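Residue numbers (our numbering): -1 to 67.
Report on the structure given below.
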Amino acid sequence: APPPLGQRASNRLPPRWPLRHSCTAKKVGIAQDTLSRILNKRREPSLRLLQIILDALGYKISFQKKQLR
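Here you go:
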């Protein structure tokens, strides 16, 4: 099974990302501890919240149809 959405997103964050937790949490409109729990894999964000977080970081979510065998 693929890893949860939050885990896949946190694996792709830039190395200096922790330095910007509070700034990004404010921009997203969530508490810094909530963002920390998501990034530390203690909370699974909804798809909508993940989209908001990634948008604040300059990323977007996209979906692709997978190849059927």
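Glycine included, every Cβ here is placed at the ideal spot set by N, Cα and C.
Note that the structure is predicted; figures quoted are calculated from it, not measured.
Exercise for the section: Mind the definition here: the stretch 20 to 33 touches the stretch 49 to 63 only if three or more C-beta pairs lie below 8 angstroms; say whether that holds. Expected result: yes
Handout entry: Distance, lysine 63 Cα to leucine 48 Cα
Key = 20 angstroms
Exercise for the section: Have a look at Leu45, Ser34 and Arg67 and flag the residue whose alpha-carbon is nearest the alpha-carbon of lysine 58. Expected result: Leu45
Problem - Residues near leucine 33 in its chain [Cβ-Cβ closer than 8 angstroms; skip 5 each side] - result: His19, Thr22, Ala23, Val26 and Ile51
Practice task
Consult DSSP for alanine 29 and reduce its assignment to one of helix, strand or coil.
Solution key: coil
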